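Residue numbers (the working numbering): 16 to 352. Yeah, the Cβ is synthetic: ideal placement off N, Cα and C, and Gly gets one too. Quick caveat: nothing in here was measured; it's all calculated off a predicted structure. Please read the structure below before turning to the comments.
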Amino acid sequence: MYENIQNILVEFNRGFGDIRETVFDVKFDLNSDGRGRFWGKVLEIQQIQALQAAVSSLYPAAGMDYSEIKVLHKLNNLKMFVNTNLTGLYAAPTFLADLTTQLLYGMAVEVLEKADRWAFIRLADGYLGWTYLPYLTVETPPTITHRICEPVTCLHEEGSQASTIKARLLAGSPVSLLKLESGWALIQANQTGWLPEKAIRDITDVPTDIAQRRQRIVTDALAMIGVPYLSGGTSANGIDCSGLTQLIYAMNGISIRRDADMQFQDSSKREPPFLPGDLIFFDVEDGTDRLVGHVGISLGGWIILHSSRDRNGVSIDDVQEINHLRENLITGCTFFD
Numbered sequence: 016m017y018e019n020i021q022n023i024l025v026e027f028n029r030g031f032g033d034i035r036e037t038v039f040d041v042k043f044d045l046n047s048d049g050r051g052r053f054w055g056k057v058l059e060i061q062q063i064q065a066l067q068a069a070v071s072s073l074y075p076a077a078g079m080d081y082s083e084i085k086v087l088h089k090l091n092n093l094k095m096f097v098n099t100n101l102t103g104l105y106a107a108p109t110f111l112a113d114l115t116t117q118l119l120y121g122m123a124v125e126v127l128e129k130a131d132r133w134a135f136i137r138l139a140d141g142y143l144g145w146t147y148l149p150y151l152t153v154e155t156p157p158t159i160t161h162r163i164c165e166p167v168t169c170l171h172e173e174g175s176q177a178s179t180i181k182a183r184l185l186a187g188s189p190v191s192l193l194k195l196e197s198g199w200a201l202i203q204a205n206q207t208g209w210l211p212e213k214a215i216r217d218i219t220d221v222p223t224d225i226a227q228r229r230q231r232i233v234t235d236a237l238a239m240i241g242v243p244y245l246s247g248g249t250s251a252n253g254i255d256c257s258g259l260t261q262l263i264y265a266m267n268g269i270s271i272r273r274d275a276d277m278q279f280q281d282s283s284k285r286e287p288p289f290l291p292g293d294l295i296f297f298d299v300e301d302g303t304d305r306l307v308g309h310v311g312i313s314l315g316g317w318i319i320l321h322s323s324r325d326r327n328g329v330s331i332d333d334v335q336e337i338n339h340l341r342e343n344l345i346t347g348c349t350f351f352d
């Protein structure tokens with residue numbers, strides 16, 4: 016009787032199939048009185064509305080039950096903040112699952128659901144995944160005045176390199192400046208301490224001149240040379256190609272999405288010669304398909320800085336001199352047009 020329902024669900028699963036940014040996990044069966052019943056979970060109420068419209072177009076008088084579909088995103092969902100210097104976002108609620116990205120101190124997250132000591136969350140850029148709940152807090156961080164602008168810096172008990180190290184803060188992390196003294200900054204993050212003044216940058220210090228902003232993207236990127244490669248990584252502890260581009264752009268006032276294919280989709284294509292700060296994309300093989308799978312930052316022309324598994328970290332390469340880069344090149348792109 017309802018033989019087309021499964022076809023509808025297949026189409027919806029295909030349309031909402033990118034689990035990095037959406038949820039559509041809906042099943043269909045018949046309840047005890049023979050009435051059609053949908054159950055499962057979706058991210059947005061609009062997905063249920065679209066499903067209702069699709070089903071009603073085929074079965075206008077069926078009177079289906081959609082009440083058991085859970086909507087994860089609600090206006091009153093709990094908002095929490097990362098309360099450690101770095102934690103991971105995982106594909107499942109276990110540290111053994113794939114690391115999909117990482118979260119810096121102070122990042123705001125929306126809690127969609129909980130499972131024991133884990134939370135399924137959505138980040139500000141739309142990314143979804145599981146993170147360890149004890150590393151989050153409901154307490155709003157101090158007002159952000161600065162961000163860490165060096166790959167990693169030590170937080171000290173006192174304004175001296177000889178004083179006890181309390182923690183390490185990573186590039187991009189937000190802090191609140193309390194005072195400056197003799198080249199040292201007293202800051203508040205998830206704890207209070209001193210770090211070198213040169214390690215922080217005022218959040219309003221973003222060049223309005225495009226050429227200057229491009230150059231600072233290059234300067235910040237060069238500071239990451241030697242950071243090891245880590246799939247899912249976004250910090251100086253370990254970083255992947257698109258984690259690097261997202262971090263460096265964020266440090267310069269430009270928000271871009273997490274993965275290389277997303278960044279490719281959102282940017283404007285640019286023909287060579289490439290300008291400093293442009294992104295250059297490459298494809299990777301996925302079975303019989305070739306997909307956008309790698310990105311680097313142009314230092315000007317064909318010279319790129321990228322986090323490469325082949326190089327085991329952040330390094331500089333000439334696209335025209337490296338066979339696999341030259342052969343897998345897609346195009347250059349920009350977020351400045």
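Nearest to Ser82 by alpha-carbon distance, out of Asp281, Leu185, Ala139 and Gly51, is Gly51. Bounds of any beta strand (DSSP E) do not take in Ala251, whose DSSP letter is neither H nor E. Leu114 sits in a strand when the DSSP states are folded into three classes.
Here DSSP, grouped into helix, strand and coil, assigns Gly78 to coil. As a beta-bridge residue in DSSP terms, Trp199 pairs with Glu196 and Pro211. The C-beta separation of Ile319 from Val299 comes to about 16 Å, leaving the pair out of contact by the 8 Å criterion. By the CB criterion at 7 Å, Ala275 and Val307 fall inside the cutoff. Assignment of beta-bridge partners to Asp301 by DSSP yields Asp304. Rounded to the nearest angstrom, the Cβ distance from Leu101 to Asn252 is 6 Å, consistent with a contact under 8 Å. Comparing alpha-carbon positions, the option among Leu290, Ile295 and Pro291 lying closest to Gln280 turns out to be Ile295. Apart from the 5 residues on each side of it in sequence, Phe27 sits with its Cβ closer than 8 Å to the Cβ of Phe39, Val41, Gln62, Ala65, Leu66 and Ala69 in its chain, given in chain order. Between Phe297 and Gly316, the C-beta gap is not smaller than 7 Å, which leaves the two residues out of contact.
Assigned with DSSP and collapsed to three states, Ser330 falls in strand.
Inter-segment contact for the region 194-205 and the region 323-330 is absent: fewer than three beta-carbon pairs are separated by less than 8 Å.
Ile215 sits away from Ile159, with the two beta carbons spaced by 7 Å or more. The straight-line gap separating the alpha-carbon atoms of Leu195 and Leu185 is approximately 20 Å. For Ala107, there is no enclosing alpha helix (DSSP H), since its DSSP letter is neither H nor E.
In the structure shown, Tyr150 falls within a helical segment according to DSSP collapsed to helix, strand and coil.
By the Cβ neighbour-count rule, Val153 is exposed, with fewer than 16 other Cβ atoms within 10 Å of its own. Taking a cut-off of 8 Å for Cβ pairs, the region 116-130 and the region 88-107 touch, as three or more such pairs fall below it. If the five residues before and after Ser257 are omitted, its C-beta is found closer than 7 Å to the C-beta atoms of Arg273, Asp274, Ala275, Gln278 and Val310, all from its own chain and listed in chain order.
Beyond the five residues adjoining it in sequence on each side, Glu36 comes within less than 7 Å, by CB distance, of Gly141, Tyr142 and Leu143 in the same chain, given in chain order. One thing to note: His171 has its Cβ within 7 Å of the Cβ of Gly208. For the set Ile84, Phe350 and Pro157, the Cα lying nearest the Cα of Thr260 is the one of Phe350. In the same chain as Ala238, and ignoring 5 residues on each side of it, the C-beta atoms closer than 6 Å to its own belong to Pro166, in chain order. With a cutoff of 7 Å on beta-carbon distance, Thr99 and Gly247 are scored as not near each other.
Taking C-beta atoms as the reference points, Arg132 and Leu148 count as a pair closer than 7 Å. For Ser188, same chain residues with a beta-carbon under 8 Å away, outside a window of 5 residues either side, are Asn100, Leu119, Tyr120, Gly121, Arg162, Ile163 and Ala204 in chain order.
Excluding sequence positions up to five before and after Gly103, its CB lies within less than 6 Å of the CB of Leu114 and Gln117, all in the same chain and listed in chain order.
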